[in-house]
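Chemist: My questions all concern the structure below.
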Amino acid sequence: MQLDHPFRGSQAVRDGLLTRHALAADFQRVYRDVYVPKAVEIDAVVKARAAQVFAGDDAIICGLSASAVHGAKWIDAREPAELIWPRRKRQLDGILVRYDSLADADVTSLGDMTLTTVPRTMFDLARRLPRLRALQSVDALANASGVSVGEAQELVRTNPGVRGVTRAAEVLSLADGGAKSPQETRVRLLLLDAGLPRPETRVRIRDEFGHVFACCDLGWSRWKVAVMYDGSPHRTREQIDRIDEVDWAVVRVDSEQLKLRPLAVVERVRATLRAAGAPV
Numbered sequence: 001m002q003l004d005h006p007f008r009g010s011q012a013v014r015d016g017l018l019t020r021h022a023l024a025a026d027f028q029r030v031y032r033d034v035y036v037p038k039a040v041e042i043d044a045v046v047k048a049r050a051a052q053v054f055a056g057d058d059a060i061i062c063g064l065s066a067s068a069v070h071g072a073k074w075i076d077a078r079e080p081a082e083l084i085w086p087r088r089k090r091q092l093d094g095i096l097v098r099y100d101s102l103a104d105a106d107v108t109s110l111g112d113m114t115l116t117t118v119p120r121t122m123f124d125l126a127r128r129l130p131r132l133r134a135l136q137s138v139d140a141l142a143n144a145s146g147v148s149v150g151e152a153q154e155l156v157r158t159n160p161g162v163r164g165v166t167r168a169a170e171v172l173s174l175a176d177g178g179a180k181s182p183q184e185t186r187v188r189l190l191l192l193d194a195g196l197p198r199p200e201t202r203v204r205i206r207d208e209f210g211h212v213f214a215c216c217d218l219g220w221s222r223w224k225v226a227v228m229y230d231g232s233p234h235r236t237r238e239q240i241d242r243i244d245e246v247d248w249a250v251v252r253v254d255s256e257q258l259k260l261r262p263l264a265v266v267e268r269v270r271a272t273l274r275a276a277g278a279p280v
């Protein structure tokens, strides 16, 4: 038993690894009888692992919990852990119990954890979460894992009777693993819902010698129009200045504009595309 990962306190005491005093003094409880060291930050991955320890070997980590274990960012630690747990007949505080039937191909293992595969996790996120959040979550998982959204779309075809499959089909058709943040996904969905051409993600900007010196969040290489979300952390001031110097039109969007004036954002992008020759 490893005491730096979630473990059953009663078993650790019974096996002589800890005294009850040490358990209370040096460890924090995640779920009933499941503990981690007090120095451990209880994030979504720790909660997922702890929930599976609590539930036992027949539980499978799924949903946002599986997404976190697969490496996706932007998952709030305050979210309940999600488990497919067939023998559990009622919900628990801090654990969201699902009752899905899974094919063997939908399940994988990472270390000592059993969880849904990346494609199955994408499929479940796409069919269960509200539309924007579903798209943000699928984008984040695709970006973290490098797994093609097309693999999740295959599950739409093979699971036609599953609840939420129509929603999943739409969300997965819009997904793009190139998105680096939830806000970038939000901007992209705003533009798509306005009927603008589907933008590329991680658009490469080249200098006069053909060398790539920057990537923009969204854009249309055909018309040399880019959209940059000003909250993006992966761009230097020098890169931004150089983008202004090359033959690209750039529309900058910040969080206030996105929240308070989304239609104005759409019209600025539409006008910029039209000026560049796009049929919008």
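The opening position of the sequence shown corresponds to residue 1 in our numbering, with each subsequent residue numbered one higher.
Quick reminder that beta carbons are idealized off the backbone N, C-alpha and C, glycines included.
(1) Pick out the complete alpha helix (DSSP H) segments inside the stretch 115-196, 4 residues or longer, and give them in chain order.
(2) Using DSSP bridges, identify the partner residues of F27.
(3) Quick one: grab the DSSP three-state call for S67.
(4) Let's see if you can read the secondary structure: which residues bound the alpha helix (DSSP H) around V246?
(5) DSSP state of L260, grouped into three classes?
(6) For R169, collect the residues of the same chain with a Cβ closer than 7 Å to its Cβ; drop the 5 residues on either side in sequence, then sort them by chain order.
(7) Would G178 be called buried (16 or more neighbouring beta carbons within 10 Å of its own) or exposed?
(8) Which residue from V171, L218, V53 puts its Cα closest to that of T114?
(9) Is the beta carbon of A249 less than 8 Å from the beta carbon of A144?
(10) Out of curiosity, what's the CA-to-CA distance linking A77 and G161?
(11) In terms of residues, what are the limits of the beta strand (DSSP E) holding A94?
(12) So, at 7 Å on beta carbons, what are the nonlocal neighbours of R274 in its own chain, with the 5 sequence-adjacent residues on each side left out?
(13) State the beta-bridge partners of W220 as determined by DSSP.
(14) Just to confirm my understanding: we take D230, look at its own chain, exclude 5 residues before and 5 after, and list those with CB closer than 6 Å. What are they?
(15) Please report the residue range of the alpha helix (DSSP H) in which R49 lies.
(16) Measuring CA to CA, which of D43, A39, I42, L83 is closest to A55?
(17) Put V203 into one of helix, strand or coil per three-state DSSP.
(18) Is Q136 buried or exposed, if buried means 16 or more other CB atoms sit within 10 Å of its CB?
(19) By the three-class DSSP mapping on this structure, what secondary structure does R98 have?
(20) Could you tell me which residues DSSP pairs with C62 in its beta bridges?
(21) Got a sec? Which residues, its chain only, sit under 6 Å from L17 by beta carbon, not counting five neighbours each side?
(22) If you check the beta carbons only, do H70 and V149 fall under 8 Å apart?
(23) Given this structure, state the Cα-to-Cα distance separating V269 from S173, to the nearest angstrom.
(24) Does DSSP put T298 in a helix, in a strand, or in coil?
(25) For a test of the three-state rule: what should DSSP assign to R198, helix, strand or coil?
(26) Nearest CA to the CA of G111: which residue from R8, A48, S181?
(27) Excluding the five sequence neighbours on either side, which residues of its own chain have a C-beta within less than 6 Å of the C-beta of A126, listed in chain order?
(28) Using CA coordinates, which residue listed in Q11, E79, S10 is at the minimum distance from D43?
(29) Does the Cβ of D4 have 16 or more other Cβ atoms within 10 Å, making it buried, or fewer, making it exposed?
(30) On the DSSP letters alone, give me the boundaries of the alpha helix (DSSP H) that V13 sits inside.
Modeler: Put simply:
(1) Taking only runs of at least 4 residues, the alpha helix (DSSP H) segments lying wholly in the stretch 115-196 are 118-128, 131-145, 149-158, 165-174, 182-193.
(2) By one-based count along the sequence shown, residue 27 stands at place 27. F27 is bridged to P37.
(3) Start at 1 with the first residue of the sequence shown, and residue 67 comes out as number 67. It is helical.
(4) Mapped onto the sequence shown, residue 246 falls at position 246. Segment: none, V246 is in no alpha helix (DSSP H) and carries neither H nor E.
(5) Taking the first residue of the sequence shown as position 1, residue 260 is located at position 260. Here L260 sits in helix by DSSP.
(6) In the sequence shown, the residue the question calls residue 169 occupies position 169. Residue identity check: residue 169 is Ala in the sequence provided, not Arg. So the qualifying residues of the chain are V156.
(7) Residue 178 sits at position 178 when you count from the first residue of the sequence shown. By the neighbour-count rule (16 or more Cβ atoms within 10 Å), G178 is buried.
(8) One-based indexing of the sequence shown puts residue 114 at position 114. Looking at the Cα atoms, V53 is the closest of the given residues.
(9) Reading the sequence shown from its first residue, position 249 is the one you call residue 249. Reading the sequence shown from its first residue, position 144 is the one you call residue 144. Cβ distance not < 8 Å, so A249 and A144 don't count as in contact.
(10) Your numbering for residue 77 matches position 77 in the sequence shown. Your numbering for residue 161 matches position 161 in the sequence shown. Taking the straight line joining both Cα atoms gives about 32 Å.
(11) For the purposes of this step, residue 94 is taken as residue 94 along the sequence shown, with counting starting at 1. According to the sequence provided, residue 94 is Gly. The question's Ala does not apply to it. Premise fails: G94 is in no beta strand (DSSP E) and is neither H nor E.
(12) Residue mapping note: residue 274 aligns to position 274 of the sequence shown, counting from 1. Result list for R274: V280, in chain order.
(13) As a first step, residue 220 is located in the sequence shown; it is residue number 220 there, counting from the start. The partner list for W220 (beta bridge, DSSP) reads V225.
(14) Numbered from its first residue, the sequence shown carries residue 230 at position 230. Correct list, in chain order: R252, D254.
(15) Position 49 of the sequence shown, counted from the start, is the residue given in the question as residue 49. R49 -> alpha helix (DSSP H) spans 44-55.
(16) Locating residue 55 in the sequence shown gives position 55, counting from the first residue. Among D43, A39, I42, L83, the Cα nearest to that of A55 belongs to L83.
(17) In the sequence shown, counting from the first residue as 1, residue 203 sits at position 203. Correct three-state label for V203: strand.
(18) The sequence position of residue 136 within the sequence shown is 136, counting from 1. Its Cβ being crowded by 16 or more others within 10 Å, Q136 is buried.
(19) Locating residue 98 in the sequence shown gives position 98, counting from the first residue. In the structure shown, R98 sits in a strand (DSSP, three-state: E or B).
(20) Here residue 62 refers to the residue found at position 62 when the sequence shown is read from its first residue. DSSP, once it has assigned bridges, lists no residue as partnering C62.
(21) Position 17 of the sequence shown, counted from the start, is the residue given in the question as residue 17. Excluding residues within five positions, none has a Cβ falling inside 6 Å.
(22) Translated into the one-based positions of the sequence shown, residue 70 becomes position 70. Translated into the one-based positions of the sequence shown, residue 149 becomes position 149. No, the pair does not count as a contact, with Cβ atoms beyond the cut-off.
(23) Here residue 269 is taken as the residue at index 269 of the sequence shown, counted from 1. Here residue 173 is taken as the residue at index 173 of the sequence shown, counted from 1. Cα-Cα distance, rounded: 22 Å.
(24) Outside the modelled stretch of the chain, which goes from 1 to 280, sits residue 298, for which no answer is possible.
(25) As a first step, residue 198 must be located in the sequence shown, where it is residue number 198. Coil, per DSSP.
(26) Along the sequence shown, read from residue 1 onward, the residue named residue 111 stands at position 111. Here the closest residue by C-alpha is A48.
(27) By 1-based counting over the sequence shown, the position of residue 126 is 126. Excluding residues within five positions, the ones whose Cβ falls inside 6 Å are A134, V138, A168, V171, L172.
(28) Working through the sequence shown from its first residue, we reach residue 43 at position 43. Ranking the options by Cα distance to D43, first place goes to E79.
(29) As a position in the sequence shown, residue 4 is number 4, starting the count at 1. Burial call: exposed.
(30) For the purposes of this step, residue 13 is identified with residue 13 of the sequence shown, where counting begins at 1. V13 -> alpha helix (DSSP H) spans 9-14.
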